[in-house]
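Inspection log for the structure reproduced underneath, given as structure tokens.
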Amino acid sequence: MNKQILVTGASSGIGLCLVHHLSSIGHTVYAGVRKPDDFNQLVGFKNIIPVMLDVTNKTHISEFIKRLKASNKPLYGLVNNAGLGGVGHFNAWQEDEIKTMFDVNVFGPWRLSKACISSLLEGKGRIVNIGAQNSIGSCEFLGPYAMTKSALDSFTESLRCEVAEFGVKVSLIQPGSIKSKMEESTHKSSMERLGRSSYPFDTRAKVLINHILEQEERAQYIEQNASEPEFVSHAVEHALFSDEPKERYVIGTHHEGKQTIEKLLKRVAQTNQNPDLHYSRNELIEILDRYLA
0 MNKQILVTGA
10 SSGIGLCLVH
20 HLSSIGHTVY
30 AGVRKPDDFN
40 QLVGFKNIIP
50 VMLDVTNKTH
60 ISEFIKRLKA
70 SNKPLYGLVN
80 NAGLGGVGHF
90 NAWQEDEIKT
100 MFDVNVFGPW
110 RLSKACISSL
120 LEGKGRIVNI
130 GAQNSIGSCE
140 FLGPYAMTKS
150 ALDSFTESLR
160 CEVAEFGVKV
170 SLIQPGSIKS
180 KMEESTHKSS
190 MERLGRSSYP
200 FDTRAKVLIN
210 HILEQEERAQ
220 YIEQNASEPE
230 FVSHAVEHAL
240 FSDEPKERYV
250 IGTHHEGKQT
260 IEKLLKRVAQ
270 TNQNPDLHYS
280 RNELIEILDR
290 YLA
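Numbering (numbering that gives the first Met the number 0), first residue to last: 0 to 292.
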């Protein structure tokens with residue numbers, strides 16, 4: 000049966016791939032974009048309805064809800080995919096830059112979920128938030144980005160609890176490195192941010208700048224170490240239409256998966272060092288077996 004689904008950030012990468020995938024299996028997809036050129040590239044495709052939708056723009060959101068109501072059909076799926084990236088040491092970031100990233104990556108999903116919830120409740124639909132493995136464990140240069148994805152992780156957990164009894168299911172997708180244009184769209188600002196790193200962080204920043212410039216000369220390096228966006232599309236499809244969707248989907252290479260699991264296990268081991276929470280090795284294995292069953 001044809002379902003109505005909204006995908007934000009549909010101009011490129013994961014979002015664009017997802018829009019074409021969901022439309023190809025027979026669903027009506029509202030493709031949210033910010034720029035007229037991106038809107039125009041989606042005009043004329045079967046089952047795809049491009050909409051101007053900046054997740055920070057309340058007027059855009061309000062206009063989409065009016066359009067949705069005019070369709071006389073509830074929204075079944077909301078995929079909060081729109082996101083903003085960027086790198087830099089913590090002291091090189093400006094406050095307005097971090098606020099903008101939170102506005103897109105955290106408040107955007109909150110705004111859309113709030114605006115669409117009545118329709119989703121009517122359709123007993125699904126909400127799928129596109130997070131990142133960085134919310135599990137971050138690293139140098141990715142602090143603010145990881146902050147936003149950790150916040151999105153927590154929001155997703157709370158939202159799932161709040162809407163479950165009313166028939167709406169919520170999942171979190173956590174990709175690793177995916178081929179997209181996010182790095183391309185934030186490249187200039189990231190390079191400027193790295194360039195204004197102060198002592199003693201400037202030495203490490205210069206190393207990263209040189210590494211990025213080398214990657215630009217060897218573009219295939221990036222391609223070989225990133226997963227195709229189709230992997231995310233299949234996970235989102237499962238989250239939207241499976242009778243038993245997972246709470247979270249970790250997507251990426253074997254190396255990324257290994258790193259993620261080791262970070263989680265390290266956190267478990269460190270938590271278990273608390274004398275009041277100490278489990279024996281056998282007890283920990285018993286708990287692990289319970290979730291592996």
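By construction, the Cβ of each residue, glycine as well, lies at the ideal position given by its N, Cα and C atoms.
DSSP three-state label for residue i, please.
i	result
asparagine 273	coil
threonine 155	helix
lysine 148	helix
isoleucine 24	coil
glutamate 198	Just to set this straight, residue 198 is tyrosine in the shown sequence, not glutamate. Here tyrosine 198 sits in coil by DSSP.
leucine 5	strand
serine 226	strand
isoleucine 116	helix
tyrosine 220	Low per-residue confidence applies at tyrosine 220: pLDDT is 45, beneath 50, and the placement is therefore not dependable, though the value from the model is reported in the following sentence. Of the three classes helix, strand and coil, the one that applies to tyrosine 220 here is helix, per DSSP.
glycine 107	helix
histidine 88	coil
isoleucine 135	coil
phenylalanine 63	helix
alanine 204	helix
glutamate 236	helix
glutamate 243	coil
leucine 283	helix
serine 10	coil
Please determine, among the options, the residue with the shortest C-alpha to C-alpha distance to residue i.
i	options	result
histidine 88	Thr252, Gly194, Glu227	Gly194
asparagine 128	Ala114, Met146, Pro143, Gly107	Gly107
histidine 20	Glu229, Leu212, Gly122, Leu74	Glu229
glutamine 3	Cys16, Arg66, Pro35	Arg66
methionine 100	Ile126, Lys148, Gly14, Thr27	Lys148
glutamine 132	Tyr144, Ser10, Lys34, Ile126	Tyr144
leucine 120	Ala91, Val167, Gln93	Val167
tyrosine 75	Tyr278, Phe240, Gln272, Glu246	Phe240
cysteine 299	His186, Trp92, Lys57	Residue coverage of the chain in this structure runs from 0 to 292, which leaves residue 299 outside it and unanswerable.
aspartate 95	Ala81, Ser188, Ser23, Ile64	Ser188
According to DSSP, residue i sits in a beta bridge with which residue or residues?
i	result
methionine 51	Val32
lysine 168	Arg125
proline 174	Ile250
glutamine 40	Glutamine 40 is not bridged to any residue.
leucine 77	Leu5, Ile126
Please check the pair residue i and residue j, which I expect to be a contact at CB under 8 angstroms, by giving their CB distance rounded to whole angstroms.
i	j	result
valine 54	valine 6	Not really, about 12 angstroms apart at Cβ, beyond 8 angstroms.
isoleucine 97	glycine 130	With 8 angstroms as the limit, isoleucine 97 and glycine 130 do not qualify as a contact, their Cβ atoms being about 18 angstroms apart.
alanine 69	valine 50	So it is not a contact: roughly 12 angstroms between Cβ atoms.
valine 105	phenylalanine 154	7 angstroms
leucine 263	threonine 270	The Cβ separation is near 11 angstroms, so there is no contact.
isoleucine 135	serine 112	Actually they are not in contact, since the Cβ atoms of isoleucine 135 and serine 112 sit about 22 angstroms apart, beyond 8 angstroms.
valine 231	isoleucine 13	5 angstroms
threonine 252	glycine 175	6 angstroms
Less than 6 angstroms between the CB of residue i and some heavy atom of the ligand NAP, yes or no?
i	result
lysine 178	No copy of the ligand NAP occurs in the structure displayed, which carries no ligand at all.
Pairing CB atoms from the stretch 83-102 with CB atoms from the stretch 185-193, are three or more of them under 8 angstroms? yes
Count the C-beta pairs between the stretch 256-263 and the stretch 196-206 that are closer than 8 angstroms, then say yes if the count reaches three, no if not. no
Do the stretch 153-160 and the stretch 32-49 touch if we need at least three Cβ pairs shorter than 8 angstroms? no
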